[in-house]
Each structure stands twice: as C-alpha cells, then as structure tokens.
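The C-terminal residue of the sequence shown carries number 302 in my numbering, and the numbering is unbroken. Below: one structure, written as structure tokens.
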Amino acid sequence: VLISKTKIEGEEALRRLVIALNALAAIFIIQKDYYQAALLYNEALALAEEHSEDFRLDPLLNIHIHHNLAEIFPLAQNFALILPSKGKQFSGTSAVNTTKKHFIVKVDHDQVKRHKISSFDDANSTVASAELSNVASSLSENDLNDRECDDLSASSVKYLIAECEDSKQKYLSVFSSKLAAAQQEFQSSYTQVCKAYHDSGTNQTTFWWLEALHYAEQNKDFSTELIRKIEEALSGNSNNSKSSRIPARFRSISSLKYQIQTNLDQLEASRKVLLDRLLEIDQTMEKPKDEDIERVEYF
C-alpha cells in the first residue's frame, strides 16, 4: 500500500513539474523567445525519460510537449535537441544543431587582375590561384554543412511529429476499441429491430387493437365497461396532473381510437427522428461533427 501510494505521489509530482515547465515554455513562446521555450520542452522530455521506469507521464502532456516542440524547433536558433534513447537511430547522432554558419569571403577580383597584368612572378600567381581554390573549397564546405543542418532539422521535426502521432494513437486505442464495440452492438441491435418491425408490418394488414375496439363498440354495455376499466387503470397509475387528465379525453370507443392513433403517430415520428440521428452518429464516428463533440463535453 505504501509503495502504491508513493508511486501515485511521485507521478503527481512529475505531472506538476512538467505542467510548470510547459507553462513557462508557453510564456517564452508568447515573448518569441523560441530558444528558451525549446530548452524547457527538452527539459520536460528529459525528466519524463529519466523517470520513465518508475513514473508514468500523462499521455496528453507527452503529446502536448512533442507537438509544441515540433512547431517551434525550426525557429529556435542555437538549440540542440537531445533525443531520448529508445533504440531508434536518428541520422547517426543524438544531438541536432539547427544553427547555420555562413562564411562570407570577399574576393578582390580587380586585385587579381592587376596581378596578372603586372606580370607578377609565378609564385604570386600560384598564391592567388591557391587563395581562389581555398575560397571555393570553403564555400563548398559551408554549403554542405548548411545542407546537413537542414536535413537534420527536418529529420528532427519528423521525429517529433512521429512521436506525437505514436502517443496519440496509443492514447486513443482504448477509446477506439470501445467505440468499435459500441458500433458493432448498435448495428446488431438495429438489424434485429428492423427485421422485427418489418415482419410485424408485413404479417398484419390491420392493427389488432382497432379490430378489438371495433368488436367492443358493437356491444354498448361491453364498451362502457371497457372504458370504465381503462379509466380506473389510468387513474390508478397516474403520478402527475398530465396523466390524470388522460381519461377525460375520451368518453367513447371512437374517442379512444383517436387518442390511441394520435399517440402512436407521435411515437412513430419520435422513433424515426431518433433512428435517423443514431444512424447519422454511426456514420460520423470516425470524423465526428463539432457540435457533437461540444455536446459531449457537458455530460
């Protein structure tokens, strides 16, 4: 019990610390200090990795960190992303630097031309050629470094996005399985109800209660007794003023027929609206509507 309690307290402490780091990072993002924000997100990832064997970080926090860090990573200059050691190879390095070092070398072409016109000795000509060769080599080297930095930066963003998507799928997997089970159960129930409703509609050309009331209407004493028993049954089961007014709506078999038919029509209309809405929800389970999502938040 003590170990379990301590573990819960440790996870709560880790969660609060990561939330605090995320809040500070958000402040730096508002201030457009993306480097400091990236450092804080990186620190949060390092803490989660360091304590991953003992404490579990909230999946939503993990998604939050990776998503935001992927967005600001290209904007954070002089920032090195330390990737957690999860057995994944990442461009052969564990640190990625996004700084681009551009070396601009000015070449005095007029001076080189004057050297040639003045017929300097071969040694000076050799030196000038060597300088031009060094400049070209330096520029090529720097261009190669820039391309490597761009590739590593793009790979870093891809890595963060992949981690974010992986965490998202793991988090949603439980809910997706429950949703699939509910969808399958709904389809089975809907099929059974539709079949039963179809069978009842094809096997009966008329409503049984209409026939029963028609026969009761032929005998005045029987119809009077039937209405009295219906009134007693409704009055005995009435729990509100609305139910108590129902017996007063009919005084004959004809009015009873009308009352039953009216309520059945209302029931059928409500049933159709309900089924249409359920089918609409069933078809939009993978991509729910915004109004459905907002409605769920209040339950």
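C-beta atoms are modelled at their ideal positions from N, C-alpha and C, and glycine is treated no differently.
- request: Kindly indicate which three-state DSSP category arginine 254 falls into: helix, strand or coil?
  value: The three-state secondary structure of arginine 254, taken from DSSP, is coil.
Rounded straight-line distance, which links the Cα of leucine 163 to that of isoleucine 120: Legend: pLDDT at isoleucine 120 = 44, less than 50; position of this residue unreliable, no value from coordinates given.
task: Using the Cα positions of glycine 95 and serine 158, report the straight-line distance between them to the nearest angstrom.
output: Residue placement at glycine 95 is flagged as unreliable, the pLDDT there being 31, under the threshold of 50; the coordinate-derived value follows with that caveat. Between glycine 95 and serine 158, the C-alpha separation is close to 11 Å.
task: Might you give, ordered along the chain, the residues of its own chain that have their beta carbon closer than 7 Å to the beta carbon of histidine 54, omitting 5 neighbours on each side?
output: Answer for histidine 54: Leu17, listed in chain order.
field: Which listed residue (Glu188, Tyr218 and Lys181) has its alpha carbon closest to that of leucine 281
entry: Taking leucine 281 as reference, the option from Glu188, Tyr218 and Lys181 with the minimal CA-CA separation is Glu188.
task: From the DSSP output, in three-state form, read off alanine 51 for me.
output: Correct three-state label for alanine 51: helix.
query: For leucine 169, which of Lys8, Pro62 and Lys10 has the nearest alpha-carbon?
result: The residue asked about is misnamed: residue 169 is aspartate in this sequence, not leucine. For the residues Lys8, Pro62 and Lys10, the minimum Cα distance to aspartate 169 belongs to Pro62.
- request: Determine, using beta carbons only, whether tyrosine 37 comes closer than 8 Å to chain B.
  value: No chain B is present in this structure, which holds just one protein chain.
query: With DSSP run on the structure shown, which of helix, strand or coil describes arginine 298?
result: Of the three classes helix, strand and coil, the one that applies to arginine 298 here is helix, per DSSP.
query: If you drop the 5 nearest sequence neighbours on each side, which residues of the same chain put their C-beta closer than 8 Å to that of methionine 288?
result: For methionine 288, where only same-chain residues beyond five positions count, the Cβ hits under 8 Å are Leu182 and Gln186.
query: So what's glutamate 220 in DSSP terms, helix, strand or just coil?
result: Glutamate 220: helix per DSSP, three-state reduction.
task: Please name the residue, chosen from His201, Ser255, Tyr193 and Ala49, that lies closest to alanine 219 on a Cα-to-Cα basis.
output: Distance from the Cα of alanine 219 is smallest, within the candidate group His201, Ser255, Tyr193 and Ala49, for Ser255.
task: Please classify glutamate 166: is it buried, with 16 or more other beta-carbons within 10 angstroms of its beta-carbon, or exposed?
output: Flag for glutamate 166 reads buried.
Element boundaries [alpha helix (DSSP H), containing threonine 9]: For threonine 9, the enclosing alpha helix (DSSP H) covers residues 5-33.
message: Which residue wins for smallest C-alpha separation from proline 77, given the options Leu48, Ala40 and His217?
response: Ranking Leu48, Ala40 and His217 by Cα distance to proline 77 puts Ala40 first.
message: Using 8 Å for Cβ pairs, my map puts alanine 50 next to leucine 20. What's the rounded Cβ distance?
response: The residue asked about is misnamed: residue 50 is leucine in this sequence, not alanine. Contact between leucine 50 and leucine 20 holds, with the beta-carbon distance rounding to 7 Å and staying under 8 Å.
message: With the cut-off set at 8 Å, would you say leucine 60 and glutamate 46 are in Cβ contact?
response: Against a cut-off of 8 Å, the Cβ pair of glutamate 46 and leucine 60 comes out as no contact.
task: Pull up the distance between the alpha-carbon of aspartate 279 and that of aspartate 285, whole angstroms please.
output: Aspartate 279 and aspartate 285: Cα-Cα distance of roughly 10 Å.
task: Work out the CA separation of histidine 217 and aspartate 295 for me, nearest whole Å.
output: Between the C-alpha atoms of aspartate 295 and histidine 217 there is a straight-line separation of about 47 Å.
- prompt: In three-state DSSP terms, what is phenylalanine 178?
  reply: Phenylalanine 178: helix per DSSP, three-state reduction.
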